[in-house]
Amino acid sequence: MSKPLKQIHLAAHFPGVNNTTVWSDPASGSHIEFSSFAHFARTAERAKFDFLFLAEGLRLREQGGKIYDLDVVGRPDTFTVLSALAAVTEHLGLTGTINSTFNEPYEVARQFASLDHLSGGRAAWNVVTSWDAFTGENFRRGGFLPQEERYSRAKEFLATAHELFDSWHGDEITADQDTGVFLRDAKAGAFVHQGQHFDIHGRFNVPRSPQGRPVIFQAGDSDEGREFAASDADAIFSRHTTLEAGQAFYTDVKRRLAKYGRRPDQLLILPAATFTLADTDAEARDLAKEVRRQQVSGATALRHLEFVWNRDLSGYDPDGPLPDIDPDVSSRHIAEGRAQVRMYRDPLATAREWRELAAAHNWSIRDLVIETGNRQNFIGSAETIARTIDEYVQSDAADGFILVPHVTPTGLDAFADQVVPLLQERGVFRTDYEGPTLRHHLGLAHPDDLRDRRAAS
Amino acid sequence: MSPTPASPLHLAVALEGTGWHPASWRDPVSRPRDLFTAAYWAGLVAEAERGLLDFVTLEDGLGLQTSRFLEPDDRTDQVRGRLDAVLTAARIGPLTRHIGLVPTAVVTHTEPFHLSKAIATLDYVSTGRAGVRVQITARPDEAAHFGRRGIPRIDAYDAPAARETVTDLFDEAADYVEVLRRLWDSWEDDAEIRDVVTGRFIDRDKLHHIHFEGRHFSVKGPSITPRPPQGQPLVTALAHDTIPYRLVARAADVGYVTPHDADQARDIVATVREEQEAAGRAADPLHVFGDLTVFLDDDPARAAARRARLDDLAGEPFTSDTRVFTGTPAQLADLLLEFRSAGLTGFRLRPAVLGHDLPAITRGLVPELQHRGAFRGAYEAGTLRGLLGLPRPANRYATA
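Chains as they are written, first to last, in the working numbering: chain A, 53 to 509; chain B, 143 to 542.
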């Protein structure tokens, strides 16, 4: 008997503040007006997506000491806009990226518990960490956190938040108007946490929310990040999007679950993915090339080359050859607030490699950045894209995808209209929501059920 | 801003649980089991909007409600637990069209950077109807929820030993509001240029680091969120004494005060105006609203009986920092107009039982005031600042 078909999970990533988002497209709308968020969320819900995803950055990026001005700049507060989106959707999950470094557990726990109540059980938290003093300059705490402690703080932050969520069990509020008993437990919400990073105690003031705890996402790709996901997360927002890399990542992470007493289906692997959809595969390929050139203007190409060179390259011609001078590896990095620059661990080697590539293909600076930059994922007709997504999921390169359109807010519309029906025809994607909460959509158990199961076994 | 005899009153309602009387949840009209749902709050705000009110405030706190002074109780006979007020307001934003949304935010343990973008975002999701009520907390148990700093226990706000602690907390609040306001202005209105020729999305000369350095925090900026629709969302604060009056005078657009009669109202308004002058803000519009807790019925005896019944259920007489009004909408209208003549420009009413006294405000008091020419007959502006007659402020960083 053949393996049963896996059901695909799909999510919509609101276009972000990076050069994947093409703001110069005439169809590109506001990145900050609520109407854009509402349109995007309603499209995702019309397409029966699992959830909407929002990224976060707590300081505007700077390069060479100046605010980076070539990409979309500016975004809303994550919690606030997700809560407002709960008013214009009924089923769609609402996933927010919230930093564990520049927040405190009590406040974040009450915000997520509140969001879960206000959305009827649709909240999810993508737990991210950072340590940079640059972002810290916007906060009371400052940039105090040594890099090696960021995961230990994140783990303890999440564990503390869970203690707060679990400090109410869900049966405390009787609100009996006749007897006058509002709470049956005088100690509801009591908690004590003493640890390396947090030493707090008292009473949590938000009663148990519909999902018990928000669904937990993790996005880091380091060994530590994978381990954190295997022990604590319900889903991973990953970036491995070729079939082989996806399968390798999938196998590696799912293998890690056993040591925490978890089954493979208790952690979903959901890579971020772009798509370029057209009537035919050939048209889609042409369109993808055009989009890529929009994403990497000459000015953007020079700025991206600076990530590696760590020098002001504004005097270079983006349509000319790569710089002869070597990267500056001696001074503080000129690009701040950007995780991407950490990928280039050996800039001298990267520069050498890129010069060889450019020479071999006769590439200009702009050509090189276009060719080596973020990969475009699904390119083709609706039929091709549906088939490819299905293949990736059925062959365990992913459990689904977090799709990032390049146009705000209408970039998802054609996918909803053309690709989703094909996935539904294939019997691999829901034709309607089957439950009210995000946990239902993702096939994740309620934390109380897990606890009861453990207690029974 | 001083009222003229003809200037219409502004009316806000303070939403808290099932109402401000601690036994309000036991009134048959109350729905205490729905307190943790969006529909409950949306229904209340819809009722307030039906009554053409300027705005609602939503209470909040970083600990469970308590009947004791600055320390938790273990009571089980009153409403305990609440939802985050900013998120509740945001949830209601898309469901309403005219009414202002003013959540409470505690500024003692939280990050001004986060709150600034949250209120800016509330302004976006409500298209220009956001405000915030800033509140300090001197509760040691709430400090322990954060574990970042201790707050010495005080027995009364006016005790000599409390002076230093309270002054410090309010100074921090003033710094906090300064950061909120600078961050809201840290983007000029026309900073987004989308210049395809040069490839620039923004004109970065129109974004500004705010360089705030204070005793409790430093914030560099700019905000990650562009300047909100109102430019500066409404900043409000409740004040009972000179130190908080100073915060209102230095930093707020609306101050809530608690006079028990017209003479007190006159004195408080005079103090606030003096502080306003001392702060160099004499020319800025600043509303001073009176807070009143209300039990309303068409028959005054019925209002009094309702209050007595709730007191019986609570086991003690109701007390409040505000004047407690028990009577008819017409009598309340008389009182509000008397207070207006003492210099108040509006009122924030605290319904004793929301399920009863909120509709009594919107369907009883409002028509009564309209009849006397003292309240609007329709929403006349698209933003909360507009409803309050406050201009959209120029950006402090704009040079043009």
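Ideal Cβ positions, reconstructed from N, Cα and C, are used throughout, including at glycine. Just so you know, these numbers come straight off a predicted model, no measurement behind them.
Interface residues of chain B facing residue i [CB-CB closer than 7 Å]
i, result
"Y444 of chain A", "Chain B residues near Y444 of chain A: none, gap ~33 Å exceeds 7 Å."
"W75 of chain A", "R336, F343"
"S135 of chain A", "L229, A232, R233"
"V511 of chain A", "In the structure as shown, chain A starts at 53 and stops at 509, and residue 511 of chain A therefore has no counterpart that could be examined."
"G241 of chain A", "L206"
Straight-line Cα distance separating residue j from residue i
i, j, result
"A540 of chain B", "E114 of chain A", "21 Å"
"T230 of chain B", "R404 of chain A", "54 Å"
"A165 of chain A", "G242 of chain B", "25 Å"
"A232 of chain B", "T130 of chain A", "11 Å"
"L490 of chain A", "D215 of chain B", "36 Å"
"D448 of chain A", "L309 of chain A", "16 Å"
"L151 of chain B", "S166 of chain B", "28 Å"
"L478 of chain B", "G273 of chain B", "24 Å"
"G425 of chain A", "L295 of chain A", "18 Å"
"A138 of chain A", "G241 of chain A", "26 Å"
"R202 of chain A", "G272 of chain A", "11 Å"
"T149 of chain A", "H351 of chain B", "24 Å"
"R239 of chain B", "P375 of chain B", "16 Å"
"A175 of chain A", "E215 of chain A", "17 Å"
"A136 of chain A", "R98 of chain A", "18 Å"
"E200 of chain A", "Y398 of chain B", "48 Å"
"I288 of chain A", "E108 of chain A", "16 Å"
"R94 of chain A", "S88 of chain A", "10 Å"
"V308 of chain B", "H382 of chain B", "12 Å"
"Q229 of chain A", "G159 of chain B", "14 Å"
"H492 of chain A", "V436 of chain B", "45 Å"
Amino acids of chain A, ordered along the chain, whose beta-carbon sits closer than 9 Å to that of residue i
i, result
"P170 of chain B", "Q229"
"Q372 of chain B", "Result: empty, since nearest Cβ-Cβ is about 14 Å, beyond 9 Å."
"I366 of chain B", "V69, E108, G109, L110, R111, L112, V125, G126, R127, P128, D129, N190"
"P552 of chain B", "Residue 552 of chain B is absent from the model: chain B starts at 143 and stops at 542."
"E253 of chain B", "F154, N155, E156, E159, N190, F191, R192, R193"
Whole-number beta carbon distance between residue j and residue i, since they are thought to touch under 8 Å
i, j, result
"L225 of chain B", "H169 of chain A", "6 Å"
"A227 of chain A", "R175 of chain B", "5 Å"
"L438 of chain B", "G506 of chain B", "6 Å"
"V228 of chain B", "L264 of chain B", "6 Å"
"L496 of chain B", "L157 of chain B", "7 Å"
"L106 of chain A", "T147 of chain A", "7 Å"
"R281 of chain B", "E189 of chain B", "About 32 Å separates the two Cβ atoms, so there is no contact after all."
"A282 of chain A", "V267 of chain A", "Not confirmed; about 16 Å, so no contact."
"G95 of chain B", "R534 of chain B", "Nothing can be reported for residue 95 of chain B, as the shown portion of chain B is limited to 143 through 542."
Exposure label - residue i; buried when at least 16 CB within 10 Å
i, result
"H513 of chain B", "exposed"
"H413 of chain A", "exposed"
"L400 of chain A", "exposed"
"V233 of chain A", "exposed"
"V244 of chain A", "exposed"
"H118 of chain A", "Looking at the sequence itself, residue 118 of chain A is Lys, so the reference to His does not match. K118 of chain A should be labelled exposed."
"P294 of chain B", "exposed"
"T470 of chain B", "buried"
"I377 of chain A", "exposed"
"F481 of chain A", "buried"
Residue i: contacting residues in chain A (beta-carbon distance under 8 Å)
i, result
"E306 of chain B", "Those within 8 Å of E306 of chain B in chain A number zero; the least Cβ separation is about 21 Å."
"F517 of chain B", "Those do not exist, as F517 of chain B stays about 28 Å from chain A at its closest Cβ, beyond 8 Å."
"T218 of chain B", "V233, F234, L235, R236, D237, A238"
Under 8 Å from the C-beta of residue i: neighbouring residues of chain B
i, result
"P370 of chain A", "In chain order: nothing, as chain B lies at least about 10 Å away."
"K118 of chain A", "R346"
"S349 of chain A", "G341"
"T352 of chain A", "G341"
Amino acids of chain A, ordered along the chain, whose beta-carbon sits closer than 7 Å to that of residue i
i, result
"G289 of chain B", "F250, D251, I252"
Heavy atom of the ligand NAP within 8 Å of residue i beta-carbon
i, result
"G292 of chain B", "What this structure holds is no ligand at all, so the ligand NAP is not there to describe."
Per-residue contacts from residue i into chain B (C-beta, under 9 Å)
i, result
"A139 of chain A", "A180, A184, A232, R233, I234, G235, P236, L237, V267"
Proximal chain C residues relative to residue i, where beta-carbon distance stays under 8 Å
i, result
"P259 of chain A", "Of the chains in the structure shown, none is chain C; the protein chains are A and B."
Does the structure place the segment 351–362 of chain A close enough to the segment 73–90 of chain A that three or more beta carbon pairs sit under 8 Å?
The segment 73–90 of chain A vs the segment 351–362 of chain A: no contact.
Hey, is the segment 331–345 of chain A in contact with the segment 374–385 of chain A, meaning 3+ C-beta pairs nearer than 8 Å?
Taking 8 Å as the limit for Cβ pairs, the verdict is that the segment 374–385 of chain A does not touch the segment 331–345 of chain A.
Specify whether the segment 394–413 of chain B and the segment 440–455 of chain B touch according to this definition: at least 3 beta carbon pairs, one from each stretch, less than 8 Å apart.
As far as the Cβ criterion goes, the segment 394–413 of chain B does not touch the segment 440–455 of chain B, which means the pair count is below three.
Quick check: the segment 176–185 of chain B against the segment 514–521 of chain B, are at least 3 beta-carbon pairs closer than 8 Å?
Contact between the segment 514–521 of chain B and the segment 176–185 of chain B is absent: fewer than three C-beta pairs spanning the two stretches fall below 8 Å.
Is the segment 282–292 of chain B touching the segment 316–325 of chain B in the sense that three or more CB pairs, one from each, lie closer than 8 Å?
Cβ pair count under 8 Å is below three, so no.
Can at least three beta-carbon pairs, one atom from the segment 323–332 of chain A and one from the segment 453–468 of chain A, be found at a separation below 8 Å?
Flag = yes, the segment 323–332 of chain A and the segment 453–468 of chain A touch.
Assess, as a yes-or-no matter, whether the segment 330–338 of chain B is touched by the segment 294–304 of chain B under the definition of 3 or more beta carbon pairs within less than 8 Å.
Contact fails: fewer than three Cβ-Cβ distances are below 8 Å.
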